[in-house]
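S.K.:
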Amino acid sequence: GAVVSQHPSWVICKSGTSVKIECRSLDFQATTMFWYRQFPKQSLMLMATSNEGSKATYEQGVEKDKFLINHASLTLSTLTVTSAHPEDSSFYICSAKFGTTLEQFFGPGTRLTVL
Amino acid sequence: DAKTTQPPSMDCAEGRAANLPCNHSTISGNEYVYWYRQIHSQGPQYIIHGLKNNETNEMASLIITEDRKSSTLILPHATLRDTAVYYCIVRVAGGSNYKLTFGKGTLLTVNP
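Here the protein sequences come in this chain order: A and B.
Under this note's numbering, read the first sequence as residues 1 to 115, first letter to last.
Under this note's numbering, read the second sequence as residues 1001 to 1112, first letter to last.
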């Protein structure tokens, strides 16, 4: 149980376009979802935390107008990278938790390459 | 959350036990020790967590020193598939802070 999926697993786009990444909890209702970014040979950096039905809380230095997060249901959160540029190329990973449990369940990640 | 220190890399022979250390000398009484691992180009995977007692599950054992200032993750019989970056994370239980702060972790390479 506690499976989290992401779609797509990889995407290549042109500079200036927008890209949407989906994160789904397959067998549980995720009250909270997290979005991380990981550059090559670096650790995961938390971008934002989102609770179902409310606005996401962004970490310091993360542009909320560039990285739009929607958590419209208990099983789906989306991250939209708007007007993507090559420096946005990264590995984007979501995680989800339910209820008051501390454990986070991670998705497999989405590799974004902006040309 | 308290800071953790881990060696950047370790090697282990296949079939042998892998012992991964973590120093968390500033840990508070209400902070848990969590271990996650990340296989290359995949999302992190939860391994185990503990407060002060030693813990064991189907994946690993967690040994926490009596003063709680350090811990060791033990993979009893490492396989090639255990090659990954292992992250030791200290975090408060409860409240509304569910964030995980990942450090640089330890790259464990299991050799045949």
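Positions of the beta carbon are idealized from the N, C-alpha and C atoms, including for glycine.
For glutamine 6 of chain A, list the residues DSSP reports as bridge partners.
M.R.: Answer is A/Cys23.
S.K.: Mind checking who tyrosine 1087 of chain B pairs with in its DSSP beta bridge?
M.R.: Partner(s): B/Tyr1036.
S.K.: Strictly under 8 Å for the Cβ-Cβ distance: is lysine 97 of chain A near chain B by that measure?
M.R.: With 8 Å as the cut-off, lysine 97 of chain A counts as an interface residue toward chain B.
S.K.: Using a beta-carbon distance below 8 Å, is phenylalanine 106 of chain A in contact with chain B?
M.R.: It does: the Cβ of phenylalanine 106 of chain A has a partner Cβ on chain B nearer than 8 Å.
S.K.: Please confirm whether cysteine 23 of chain A and glycine 107 of chain A have their CB atoms less than 8 Å apart.
M.R.: In contact: cysteine 23 of chain A and glycine 107 of chain A (Cβ atoms closer than 8 Å).
S.K.: Measuring straight from C-alpha to C-alpha, what distance separates asparagine 1057 of chain B and threonine 1106 of chain B?
M.R.: About 21 Å.
S.K.: Can you name the residues of chain A whose CB is closer than 9 Å to the CB of lysine 1104 of chain B?
M.R.: In chain order: Gln42 and Ser43.
S.K.: With 16 as the cutoff for other CB atoms within 10 Å, does valine 81 of chain A come out buried or exposed?
M.R.: Classification for valine 81 of chain A: buried.
S.K.: Check this for me: beta carbons of valine 1092 of chain B and histidine 1024 of chain B, under 8 Å apart or not?
M.R.: No; because the gap between Cβ atoms is not below 8 Å, this pair is not in contact.
S.K.: Between the alpha carbons of arginine 1072 of chain B and glycine 109 of chain A, how many angstroms are there, rounded?
M.R.: This sequence places threonine at residue 1072 of chain B; arginine is not what is there. Looking at the two C-alpha atoms, the distance is approximately 28 Å.
S.K.: Find the nearest neighbour of asparagine 51 of chain A within the set A/Leu74, A/Gln60 and A/Lys64, judged by alpha-carbon distance.
M.R.: Answer by Cα proximity: A/Leu74.
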